Amino acid sequence: MTSLLYAAFPTVARTELDLVFQALPLANQEQLHDNNSDAVARLVTKEAEILFVNGYQVRVPYRVYFAEPSLATFATEEALTHRQRSILHCIYLRHHNGFVRQRRLELLLAGPVEALAMPFVFSLLGDYVKEILEVLEANLTLELLNGYVGLIRENPRFWQRTQGRVASYWDVYYRGRHRGGTPFRQYVGARLVKQLQQAVRQVG
95 MTSLLYAAFP
105 TVARTELDLV
115 FQALPLANQE
125 QLHDNNSDAV
135 ARLVTKEAEI
145 LFVNGYQVRV
155 PYRVYFAEPS
165 LATFATEEAL
175 THRQRSILHC
185 IYLRHHNGFV
195 RQRRLELLLA
205 GPVEALAMPF
215 VFSLLGDYVK
225 EILEVLEANL
235 TLELLNGYVG
245 LIRENPRFWQ
255 RTQGRVASYW
265 DVYYRGRHRG
275 GTPFRQYVGA
285 RLVKQLQQAV
295 RQVG
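Letter by letter, the sequence shown follows residues 95 to 298 in the numbering used here.
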């Protein structure tokens, strides 16, 4: 399982990653909304978003299914350095619960964004949860914008898929054919895509 997480951080020493992994409650159960637990055979999916960052291949897991640190392990999380907490936030950006993804994104963007976090943040541009996209839009600094442009140039196929996902998720969840939905041009995902397209054109 941890081998799948190692592949998500190819430039980080395993000794440092192991310190982060100590804060993960890697029990074979996940707490559901109704307070029951459901056994999950694979807590980290083999399926991954593959991106290249400065020539390094980064395998961002499609989903993780373990819970967030409990009070028993919270002290372990608090003892981590900023860089190590960034790694932890990145892991939970892949959580199956959209509320967890959103909260961890807000925590990650509240301070300086480590370079290792960029592919994880970038991958959320194709998320179906509107509130996550709103967090990305509200925190679209020049530094992040330049980082996105670099990833787009290095990963053109992934960027194409991301734009397709934005349109597809809008069509399924937010178009609202029969109840008065959001026009695509006003949808937060479309606004983000437009800003990034303009930034890419400016770079040339």
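Ideal placement from N, C-alpha and C gives every residue a C-beta, glycine not left out.
What you are looking at is a predicted structure, and each value in this text was computed from that prediction instead of being measured.
- Message: Among the candidates L111, I226, H176, V207, whose CA atom is the shortest distance from the CA of N191?
- Response: N191 has its Cα closest to that of I226, out of L111, I226, H176, V207.
- Go ahead and label R378 buried or exposed: buried means 16 or more other beta carbons lie within 10 angstroms of its beta carbon, across all protein chains shown. This structure cannot speak to residue 378, because the chain is shown only from 95 to 298.
- CB contact flag (M212, L236, <9 Å): Result no, Cβ atoms of M212 and L236 do not sit closer than 9 Å.
- Over the uninterrupted beta strand (DSSP E) stretch that includes V142, give me the two end residues. Checking the sequence, you will find Ala at residue 142 rather than Val. 142-147 is the extent of the beta strand (DSSP E) around A142.
- Task: Measure how close the beta-carbons of H176 and R198 come, nearest whole angstrom, since I'm counting them as under 8 Å.
- Result: Actually they do not touch by this definition, with Cβ atoms about 14 Å apart.
- Task: Would you grab the beta carbon distance between Y222 and Y156 for me? Rounded to a whole angstrom, and I think it's under 8 Å.
- Result: Y222 to Y156, Cβ: 13 Å. No contact.
- Query: Is Q196 helix, strand or coil by DSSP?
  - Reply: Residue state, collapsed to three classes: helix.
- Straight-line gap, T105 to G220 (C-alpha atoms, nearest Å): Each residue's Cα considered, the two are about 24 Å apart.
- Report yes if the C-beta distance between V158 and F103 is below 9 Å; otherwise report no. Not in contact: V158 and F103 (Cβ atoms no closer than 9 Å).
- Task: Compare the beta carbon distance of Y281 and V260 with 9 Å and say whether it is the shorter of the two.
- Result: Taking 9 Å as the Cβ cut-off, Y281 and V260 qualify as a contacting pair.
- Message: Using a 10 Å radius around the Cβ and a threshold of 16 neighbouring Cβ atoms, would you call A232 buried or exposed?
- Response: By the neighbour-count definition (other C-beta atoms within 10 Å, threshold 16), A232 is an exposed residue.
- State buried or exposed for F193, treating a residue as buried only when at least 16 other CB atoms are found within 10 Å of its CB. That one is exposed.
- Item | Residue burial classification, G283 (beta-carbon count within 10 angstroms, cutoff 16) | By the 10 Å Cβ count, G283 comes out buried.
- Message: I'd like the list of long-range same chain contacts for A142, defined as Cβ closer than 8 Å, with 5 residues on each side in sequence excluded.
- Response: Within the same chain, A142 has close Cβ partners L98, A101, A102, R153, V154, P155, Y156.
- Message: Less than 9 Å between the C-beta atoms of F146 and L187, yes or no?
- Response: By the CB criterion at 9 Å, F146 and L187 fall outside the cutoff.
- Pull up the distance between the alpha-carbon of P277 and that of F216, whole angstroms please. For P277 and F216, the distance between alpha carbons rounds to 24 Å.
- Message: Rounded to whole angstroms, what is the Cα-Cα separation between F140 and I185?
- Response: Reading the sequence as shown, one finds Lys at residue 140 and not Phe. If I take the Cα positions, the gap works out to 14 Å.
- Nearest to N111 (by Cα), restricted to the options G274, I181, H189: In the sequence under discussion, the amino acid at residue 111 is Leu, which differs from the Asn named in the question. For L111, the closest C-alpha among the options G274, I181, H189 is that of I181.
- With a Cβ-Cβ cutoff of 9 Å, do E200 and V229 count as a contact? Yes, they are a contact pair.
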